[in-house]
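Notes for the one structure printed next.
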Amino acid sequence: MESDLKQRVMDYIQTNSVKLVAKAPAAPKQANQPKQTNKEKVAKKEVEKTESMKEPVANDVAASAESTPKEKKEQDVNPWSVEAGDDGVDYAKLIRTFGSSPISQELIDRFEKVTGKPVHRWLRRGLFFSHRDLNLILDAYEKGEKFYLYTGRGPSSGSLHLGHLIPFFFTKWLQDVFHCPLVIQLTDDEKFLWKKLTLDECRQMCIDNAKDIIACGFDPKLTFIFNDMRYIGEMYPNIVRIQKCVTVNTARAIFGFSDDSNIGQQAFPAIQAAPSFSSSFPRVLCSSKLRCLIPCAIDQDPYFRMTRDVAVRLKEFKPALIHSKFIPSLTGLGTKMSASTQNTCIYVTDTANQIKNKINKYAVSGGRETEEEQRRLGADLAKDIPYQYLEYFLEDEEELMRIKAEYASGKMLTGEVKKILIKELQTLIGEFQERRKNVTQEVVDQFFAIRPLEF
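Take the sequence shown: its position 95, counted from the start at 1, is 909 in the working numbering, and no numbers get skipped.
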């Protein structure tokens, strides 16, 4: 019976092969067309049944494709955006990609020997982790040669947040240790070129950000703050020297510019590069030949790779750099703290209650879903934002090690760690706000005045 059924199916397929392969043009109706026999009807139903059985197979294939693991997210770190991989930023990969050097224990030991002072906890904890020619700065200092510091800020919000404070606090420490001059660039032109802001808005944010920066505690006798719109004339000879050395193809390769980039954006890198040369400050540093050390987050490194490439041609010292990691967003390791998203960051203007609410509500925990699981498994510190913030802001090394051990083992719960962090940040921001109250416009003018620094 089964073989008879198969034969009927094959007979039907051969008879109706044109219909199954392609839809032929409709033929004119002919009178007295033969009716389909019962045998043919049965065969047709069997073919349709066979065809319908193929659909679940196709669905299974689609389902299998949907269940295939997605490709791993690649990190993208550049001066304008930071997108981490699935497991956060791979800093070892950035060192390899950018061609910088890791800060070794040997270099830290030498730092302490040369300066006669203990290193900052952020160096000791690996939060400043990479450098270019820091050893040459130590060589120069050991020989009694002077150098200067250069850092900056692109004002895109009315106030700073914790992520912005990291390089400024560290730079303040370097200034105290080496008693060296410092220039701070505010790139109001950059933000005008990249953001939907007016020139007036950029200027006002410069003033507001300058007050926050001054509140970090910089020495006014050793610190010059400038915004590009006002000071660019003094730097312009060096800007055009740098621009002449860098082709459009090179700029595109380094910064990813496209045909849609405006010409101001493509010209800007030379403006951020120029302060790396002491000759850009003839009335401030009063020297055309000082080495420069730049503390910055590693996303700014492309500017200074370009600068170092042209320095030799311009007979200037290559700037040295010391790179920080990114303080992550409250909401996870996927990106750095951003002023454009309020709930991802702690602002220096936040109240004690706002700080408490943000940490409790938005700070992603590496703790487990239940207390029982947390006690048994402990927290995943690699994903825990409150603990990672404590690595930055808790000074007491023994206390940090205690929290690390007890939280990872399950002895501590997430709520306890958040409570400690809230207290630390409330104290830090509260003290900052008290200093900020004393920064008047007169004080701002003092830092912006073009005058010889006393070093």
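Don't be surprised by glycine CBs; every beta carbon is placed ideally from N, CA and C. Note that the coordinates shown come from a computational prediction; the quantities given were computed from them, not determined experimentally.
*Inspect the CB distances between the segment 1069-1078 and the segment 914-927 and report whether three or more fall short of 8 Å.*
no
*According to DSSP, is Glu1220 helix, strand or coil?*
Position 406 of the sequence shown, counted from the first residue, corresponds to residue 1220. Helix at Glu1220.
*Does the distance from the C-beta atom of Ala1177 to that of Ile1160 stay below 7 Å?*
Here residue 1177 is taken as the residue at index 363 of the sequence shown, counted from 1. Here residue 1160 is taken as the residue at index 346 of the sequence shown, counted from 1. Going by C-beta atoms, Ala1177 is not nearer than 7 Å to Ile1160.
*Thinking C-beta only, is Ala1029 closer than 7 Å to Asn1052?*
The sequence position of residue 1052 within the sequence shown is 238, counting from 1. The sequence position of residue 1029 within the sequence shown is 215, counting from 1. No, these two residues do not count as a Cβ contact at 7 Å.
*Could you check what DSSP says for Phe1131 in three-state terms: helix, strand or coil?*
Within the sequence shown, residue 1131 is the residue found at index 317, counting from 1. Reduced to three states, the DSSP call for Phe1131 is coil.
*Using alpha carbons as the reference points, say which of Arg939, Met1019, Arg935, Glu956 lies closest to Leu974.*
In the sequence shown, the residue the question calls residue 974 occupies position 160. The option with the nearest alpha carbon to Leu974 is Met1019.
*Decide if the segment 1110-1119 is in contact with the segment 891-904; the criterion is three or more beta carbon pairs, one per stretch, under 8 Å apart.*
yes
*asked:* How far does the alpha helix (DSSP H) with Asp1074 in it extend, from its first residue to its last?
replied: Position 260 of the sequence shown, counted from the first residue, corresponds to residue 1074. Unbroken run through Asp1074: none, as it is neither H nor E.
*If you compare alpha carbons, which of Met1226, Pro1142, Ile1243 is closest to Ala1196?*
On the sequence shown, residue 1196 is found 382 positions in, with the first residue counted as 1. Checking every option, the nearest Cα to that of Ala1196 belongs to Pro1142.
*Under three-state DSSP, which class holds Ser1093?*
Position 279 of the sequence shown, counting from 1, holds the residue named residue 1093. In the structure shown, Ser1093 sits in a helix (DSSP, three-state: H, G or I).
*C-alpha distance - Leu1007 paired with Gly968, whole-angstrom precision*: Locating residue 1007 in the sequence shown gives position 193, counting from the first residue. Locating residue 968 in the sequence shown gives position 154, counting from the first residue. Cα to Cα, the separation comes out at about 11 Å.
*Just to confirm, are Glu1004 and Phe1082 a CB contact at a threshold of 7 Å?*
Within the sequence shown, the letter at position 190 stands for residue 1004. Within the sequence shown, the letter at position 268 stands for residue 1082. It is a contact, given that the beta carbons lie within the stated cut-off.
_Can you tell me whether Arg1190 is helix, strand or coil according to DSSP?_
Position 376 of the sequence shown, counted from the start, is the residue given in the question as residue 1190. Of the three classes helix, strand and coil, the one that applies to Arg1190 here is helix, per DSSP.
*For the beta strand (DSSP E) containing Cys1106, list its first residue and its last residue.*
Position 292 of the sequence shown, counted from the start, is the residue given in the question as residue 1106. Start and end: 1105-1111.
*What are the uninterrupted segments assigned as beta strand (DSSP E) that are 3 or more residues long and contained completely in the segment 886-964, given in chain order?*
890-892, 895-897, 942-946
*asked:* Taking 7 Å as the threshold (C-beta atoms), are Asp1022 and Ile1085 in contact?
replied: Residue 1085 sits at position 271 when you count from the first residue of the sequence shown. Residue 1022 sits at position 208 when you count from the first residue of the sequence shown. Cβ distance not < 7 Å, so Ile1085 and Asp1022 don't count as in contact.
*Gln1202 and Leu1227: beta carbons closer than 7 Å?*
In the sequence shown, residue 1202 corresponds to position 388, counting from 1. In the sequence shown, residue 1227 corresponds to position 413, counting from 1. No.
*Any 3 or more C-beta pairs closer than 8 Å across the segment 934-951 and the segment 1202-1214*: yes
*Specify the secondary structure class of Thr1064 as computed by DSSP and reduced to three states.*
For the purposes of this step, residue 1064 is taken as residue 250 along the sequence shown, with counting starting at 1. Residue state, collapsed to three classes: helix.
*Collapsed DSSP secondary structure at Phe1262 in the structure displayed*: Walking along the sequence shown from the start, residue 1262 turns up at place 448. Residue state, collapsed to three classes: helix.
*Rounded to a whole number of angstroms, what is the C-alpha to C-alpha distance between Asn949 and Val991?*
Working through the sequence shown from its first residue, we reach residue 949 at position 135. Working through the sequence shown from its first residue, we reach residue 991 at position 177. Each residue's Cα considered, the two are about 16 Å apart.
*asked:* Give me the DSSP bridge partner(s) of Glu975.
replied: On the sequence shown, position 161 is the one that residue 975 refers to. What sits at residue 975 in the sequence shown is His, not Glu. Bridge partners of His975: Tyr1161.
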